[in-house]
Every structure is written in structure tokens, then in C-alpha cells.
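Have a look at this one:
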């Protein structure tokens with residue numbers, strides 16, 4: 037049986053599914069648009085749009101603490117990553 041050729045973003049999303057991820061908290065930007073495309077082509081992982089990248093980190097941490105599941109954040113490079121760092125504890 038031939039394997040389907042997958043793009044890098046699809047591989048990342050499949051790996052997250054294998055780890056039991058069902059939600060991703062994030063704020064889109066140019067560097068991560070391929071990942072967003074892969075998220076919206078499937079229906080097992082739900083994206084939760086936040087207002088700011090640091091808020092995504094706080095939401096993912098609260099989610100992980102309350103559910104015991106991985107808390108995943110997806111933000112863009114540059115200022116998005118810098119803003120996300122402010123949410124780390």
C-alpha cells in the first residue's frame with residue numbers, strides 16, 4: 037500500500053494527534069500559516085483563537101492543569117514568539 041505524501045505541517049498535526057492533542061491555542065501569522073491550513077483540513081484538533089500570544093500561553097497552561105492533557109500553543113515567529121514568552125511561568 038502506497039503511503040500518502042504529506043507536507044511538513046500535516047506531519048506536525050498528525051504527531052500532535054498521536055499525543056492526544058484535541059485543542060490548540062493560538063494567534064495566526066505568516067510563518068505558521070501552513071500549520072493553520074493543516075489544522076483546518078482536519079476535524080480532530082480544534083483551534084481556539086486568542087487575542088494575544090501571551091494569552092494563548094496562559095490558556096494552554098490552564099487547560100493542561102485542568103484536564104491533564106497537553107496544552108499546545110501556536111504563534112508566529114518574531115513578535116508573536118516574543119509576546120508568547122511573556123506568558124511563560
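In the working numbering, the protein residues as written are 37 to 125.
The C-beta atom is built at its ideal place from N, Cα and C for all residues, glycine as well.
Inter-residue distance for residue 39 and residue 53 is about 18 Å (C-alpha atoms, whole angstroms).
The way I'd put it, the stretch 69-79 doesn't touch the stretch 89-109; fewer than three beta-carbon pairs between them come closer than 8 Å. C-alpha of residue 45 to C-alpha of residue 103: approximately 26 Å in a straight line. Here the alpha carbons of residue 61 and residue 108 stand approximately 6 Å from one another. DSSP places residue 101 within a helical segment (H, G or I) once states are collapsed to three.
For the pair residue 50 and residue 84, the CB atoms are not nearer than the 8 Å cut-off. Under the three-state reduction of DSSP, residue 84 is assigned to strand. A straight line joining the alpha-carbon of residue 87 with that of residue 77 spans about 23 Å.
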